[in-house]
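Comments concern the structure below.
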Amino acid sequence: MLCLAAYAKINWTLDILGTRPDGYHLMDMLMQTVSLCDLLWMEEAEDLTLEAVPGGTERAARSKTNDGLSSAGVRYYESNLVYRAALLLRERCGVRRGARIQLEKRIPSGAGMGGGSADCAAALKGLNALWGLGLSRAELLSLGLKLGADVPFLITGGLARVGGIGERIQPLLPAPQVWLVLVQPCEGLSTREVFSAFDRLNPARLRHPDNAAAQDALHARETELTGRQTALTEQQQQLTDQITALRMDAASIETARAASENTIAQLQALSEAMQGDVTQKTGLIHEYELQISALEGQIQEKEDGLTASGTQLDLARQTLKEAVDERAQLEARRSQTEKQAQEKNQSILQLERETARLEQKKATSELEEKQIVDKLWDSYELTPGTAEKETVEIENLTAANKRITEVRRKISALGTPNLGAIDEYARVSERYEYLTAQRDDVQHAKSELETIVASITTEMTEIFVREFARIDEYFGKTFAEMFGGGKASLILEDKSAPLECGIEIRVQPPGKQVKTITLLSGGEKAFVAIALYFAILKVRPTPFCMLDEIDAALDDRNVERFANYLHTLSDKTQFIVITHRRGTMEAADVLYGVTMQEQGVSKILRLSLDELAKQLGVTN
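Add 543 to a position in the sequence shown, counting from 1, and you land on the number used in the numbering used here.
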């Protein structure tokens, strides 16, 4: 059985700023929980029941009256906030669990101390633990706002500045210990009647309290510690949870010892003495300072991690630059190859011209030889062989010389004979045929390469366009599922050249106009990028995926959406997520943590949430 204390609240200040269209009043308040409290006992049961415990700490006469009211004035079922909180939790989490709830009223009704809201806040926290629902603090605050404007603050407790209709809560450092004497009129006041009377007042005659001055008066050091408050928010939440657990344990101990009124009185006196112990407060302040130092060290580690991430980014950029340089080198080689091919073609052309000149020269020589043979035949009707046979000795030297001169003239007219023309022709012809074959091979290889490149480019374009369309389709669906609505699409800047053009990402979050991704906030950009990544995973699922602080820029609500959607993909892909976000860790199956209890010695801690739930006997 659980026992919880539902602490009452007081308003140090209350300023009404205006009225919303739905009738709710906008307020600015300084609110403080006090030690006066109601007590709630909870245990598992088949049905959901609420009973009253009348008369101090005596737990007797727990059955309901005929009119649905207890002797302490607690209404049961639909009109009671405790019962409504239980119904809302069952509806929110989709469970049909039962519980037996007993309520001991100590906070006076109609005193403006939030007795009903305090009971509702305690019921939300207690049933969340009793039923093992695992709702976060943010989720409990959202549910509490649906039940009453004071419920979110009473879930948080302590000293806080509350705005809006009660949803904006700014926790403040504890105020100095004071004793209060609260006097309740004979008749309580209805909150609705008080606000209705306020609405009838003349706004020009209203005087607004100075909440800032009141806040400074409650705690003078708050201004000095404002800068550290942001770094301590997460630690403060942990301490708040621990304090809540301690309070629940203390209430359980108080219940176990409720049989003796003298013992309870002694414990209360001891508690009051401990609250006034200055030495304990000094120790708490020292502990908070140590925690601040530890958190500053963690901040330094995070900054070092960011520096390392920047180094990795530089390496990635260097790799990309090298790839670009390699591509440029390949393009240069391709250009050089084409230039060499052109040079070879030019050489072949020159050889063809030289061959043509030699063939022309050969044809000219053959023609001259034929002319000589023809002349020998025409003049003397002699063939070269017959003319050789007809050779006679020269008798007349003068005539012979004259004839020699004539022959020489004719020979001179023939030109200088090229005795190696035949051999040169054979060599040039062979060289010509070899170069012609080489040219044909190069041209054939070029044609084949161009055909292959064109085929590959066409196939790549078809595959890219097809897969791009699938990614676009999954991206739109994934975006709507993760954002809870809206539209998203991927658009090619030039559809005629899909492999070379850029890609534009257009998104329309719910309730907003269509925007490019550059107009979104940092958190929205990160969430859109996550949606696009999940869409790609749907198109090409991988058996294994590692995510490194992908949720760092998301708020708590979007972290919850991210973690829940990650579960929908875990049937095909195993995810390892490096994160510091509580919402992501709560959704994980197994947690691994690295700690350094000894200097220079790291230790890995493993925690299986399923195994832990089985050991504790907690069921979802």
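Glycine residues also receive a C-beta, built at the ideal position from the N, C-alpha and C atoms.
All values derive from a computational prediction rather than experimental measurement.
* **Nearest-angstrom beta carbon gap, residue 588 and residue 643 [assumed within contact, 8 Å]** => Against the sequence shown, residue 643 aligns to sequence position 100. Against the sequence shown, residue 588 aligns to sequence position 45. Right, their Cβ atoms sit about 4 Å apart.
* To do: Would you identify the three-state DSSP class for residue 714, choosing helix, strand or coil?
  => Translated into the one-based positions of the sequence shown, residue 714 becomes position 171. Strand.
* Mark residue 1141 as exposed unless 16 or more other C-beta atoms lie within 10 angstroms of its C-beta, in which case mark it buried. => Within the sequence shown, residue 1141 is the residue found at index 598, counting from 1. Counting every other CB atom within 10 Å of its CB across the protein chains shown gives residue 1141 a total below 16, marking it as exposed.
* Under a three-way DSSP split, which group does residue 556 fall into? -> Locating residue 556 in the sequence shown gives position 13, counting from the first residue. Looking at residue 556 - three-state DSSP - the assignment turns out to be strand.
* Please classify residue 1017: does DSSP put it in a helix, a strand, or coil? => On the sequence shown, residue 1017 is found 474 positions in, with the first residue counted as 1. Annotated three-state conformation of residue 1017 is helix, per DSSP.
* Asked: Is the segment 1046–1057 close to the segment 1101–1109, with three or more CB pairs under 8 Å?
  -> Between the segment 1046–1057 and the segment 1101–1109 there are fewer than three inter-stretch CB-CB distances shorter than 8 Å, so the stretches are not counted as touching.
* Asked: Under a three-way DSSP split, which group does residue 639 fall into?
  -> Within the sequence shown, numbered from 1, the residue matching residue 639 stands at position 96. Note: residue 639 maps to coil in three-state DSSP.
* Test item: CB-CB of residue 583 and residue 666 under 8 Å -> Residue 583 sits at position 40 when you count from the first residue of the sequence shown. Residue 666 sits at position 123 when you count from the first residue of the sequence shown. Going by beta carbons, residue 583 and residue 666 fall inside the 8 Å limit.
* To do: May I ask you to report which of helix, strand or coil DSSP gives residue 1123?
  => Within the sequence shown, numbered from 1, the residue matching residue 1123 stands at position 580. Correct three-state label for residue 1123: coil.
* Can you give me the start and stop residues for the beta strand (DSSP E) that residue 703 sits inside? => The residue given as residue 703 occupies position 160 in the sequence shown. That run of the beta strand (DSSP E) goes 702–707.
* **Close-in-space but distant-in-sequence residues of the same chain around residue 1098 (CB under 8 Å, 5 per side omitted)** => Indexing the sequence shown from 1 puts residue 1098 at position 555. Close CB contacts of residue 1098 within its chain, under the 8 Å cut and outside five residues either way in sequence, are with 1066 (chain order).
* Out of curiosity, what's the CA-to-CA distance linking residue 860 and residue 754? -> Position 317 of the sequence shown, counted from the start, is the residue given in the question as residue 860. Position 211 of the sequence shown, counted from the start, is the residue given in the question as residue 754. Distance between the alpha carbons of residue 860 and residue 754 is about 52 Å.
* Nearest to residue 954 by CA position, among 912, 703 and 623, is which residue? -> If you number the sequence shown from 1, residue 954 lands on position 411. That would be 912, whose Cα lies nearest to the Cα of residue 954.
* To do: Below 8 Å on the Cβ atoms is my guess for residue 632 versus residue 676; work out the distance and round it to an integer in Å.
  => Counting from one through the sequence shown, the residue named residue 632 turns up at place 89. Counting from one through the sequence shown, the residue named residue 676 turns up at place 133. Residue 676 and residue 632 do touch by the CB rule: their CB atoms are close to 7 Å apart, below 8 Å.
* Asked: For residue 624 versus residue 690, is the C-beta distance shorter than 8 Å?
  -> Numbered from its first residue, the sequence shown carries residue 624 at position 81. Numbered from its first residue, the sequence shown carries residue 690 at position 147. With respect to residue 690, residue 624 sits close: the two C-beta atoms are nearer than 8 Å.
* **Validate contact between the segment 890–903 and the segment 961–972 using beta carbons, cut 8 Å, 3 pairs** => Yes, since at least three Cβ pairs between the segment 890–903 and the segment 961–972 fall closer than 8 Å, the two stretches touch.
* To do: Compute the Euclidean distance between the alpha carbons of residue 858 and residue 1093, then round it to the nearest angstrom.
  => As a working note, residue 858 is residue 315 in the sequence shown. As a working note, residue 1093 is residue 550 in the sequence shown. Distance between the alpha carbons of residue 858 and residue 1093 is about 20 Å.
* Span of the alpha helix (DSSP H), counted from its first residue to its last, around residue 682 -> Counting from 1 along the sequence shown, the entry for residue 682 is found at position 139. Per DSSP, residue 682 belongs to the alpha helix (DSSP H) from 680–690.
* To do: Please report the residue range of the beta strand (DSSP E) in which residue 663 lies.
  => Residue 663 sits at position 120 when you count from the first residue of the sequence shown. Counting along the chain, residue 663 sits inside no beta strand (DSSP E); it lies in the alpha helix (DSSP H) bounded by residues 658–673.
* **Cβ pair count under 8 Å reaching 3, the segment 1037–1049 against the segment 1111–1126** => Segments in contact, no.
* **Rounded distance between the beta-carbons of residue 662 and residue 646, thought under 8 Å** => Reading the sequence shown from its first residue, position 103 is the one you call residue 646. Reading the sequence shown from its first residue, position 119 is the one you call residue 662. Right, their Cβ atoms sit about 6 Å apart.
* Assign residue 1075 to one of two classes, buried (16 or more other C-beta atoms within 10 Å of its C-beta) or exposed (fewer than that). => Position 532 of the sequence shown, counted from the start, is the residue given in the question as residue 1075. Taking every protein chain shown into account, the CB of residue 1075 has 16 or more other CB atoms within 10 angstroms, so this residue is buried.
* Where does residue 780 fall in DSSP's three states? -> Taking the first residue of the sequence shown as position 1, residue 780 is located at position 237. Helix.
* What did DSSP end up calling residue 611 once you bin it into helix, strand or coil? -> In the sequence shown, counting from the first residue as 1, residue 611 sits at position 68. Reliability fails at residue 611, whose pLDDT of 36 lies under 50, so the model's placement of it is uncertain and no value is given.
* Asked: So residue 683 packs on residue 575, CB below 8 Å; how close in whole Å?
  -> Translated into the one-based positions of the sequence shown, residue 683 becomes position 140. Translated into the one-based positions of the sequence shown, residue 575 becomes position 32. Taking 8 Å as the upper bound for CB-CB distance, residue 683 and residue 575 are not in contact here, some 20 Å apart.
* To do: Please classify residue 1030: does DSSP put it in a helix, a strand, or coil?
  => Along the sequence shown, one-based indexing puts residue 1030 at 487. In the structure shown, residue 1030 sits in a strand (DSSP, three-state: E or B).
* Asked: Can you pull the DSSP bridge partners for residue 1146?
  -> Indexing the sequence shown from 1 puts residue 1146 at position 603. Note: residue 1146 sits in a beta bridge opposite 1138.
* **residue 879 versus residue 977: straight-line alpha-carbon distance, rounded** => In the sequence shown, counting from the first residue as 1, residue 879 sits at position 336. In the sequence shown, counting from the first residue as 1, residue 977 sits at position 434. Taking the straight line joining both Cα atoms gives about 23 Å.
* Near residue 837, which residues of its chain fall below 6 Å by C-beta distance, leaving aside the five closest residues on each side in sequence? -> On the sequence shown, position 294 is the one that residue 837 refers to. Contacts found: none.
* **residue 1043 (DSSP reduced to helix, strand or coil)** => One-based indexing of the sequence shown puts residue 1043 at position 500. In the displayed model, residue 1043 falls within coil according to three-state DSSP, outside both helix and strand.
* Asked: Based on the DSSP secondary-structure assignment, which residues constitute the bridge partners of residue 1048?
  -> Translated into positions along the sequence shown, residue 1048 becomes position 505. 1033, per the DSSP bridge assignment.
* Tell me whether residue 1168 sits in a helix, a strand or coil according to DSSP, three-state version. => The chain is shown only over 544 to 1163; residue 1168 falls outside these bounds and no answer can be derived.
* To do: Could you pull out every unbroken alpha helix (DSSP H) segment of at least 4 residues lying fully inside the segment 1080–1114, listed in chain order?
  => Complete alpha helix (DSSP H) runs here, min 4: 1099–1112.
* Whose C-alpha, out of 1079, 1113 and 705, is nearest the C-alpha of residue 1087? -> Residue 1087 sits at position 544 when you count from the first residue of the sequence shown. Ranking the options by Cα distance to residue 1087, first place goes to 1113.
* **Cβ-based burial, residue 564 [other Cβ within 10 Å; buried from 16]** => Translated into positions along the sequence shown, residue 564 becomes position 21. By the neighbour-count criterion, in which 16 or more other beta carbons inside 10 Å mark a residue as buried, residue 564 falls on the exposed side.
* By a C-beta neighbour count over all protein chains shown, 10 Å radius and 16 as the cutoff for buried, is residue 1001 buried or exposed? -> Working through the sequence shown from its first residue, we reach residue 1001 at position 458. An exposed status is given to residue 1001, since fewer than 16 other beta-carbon atoms sit within 10 Å of its beta-carbon.
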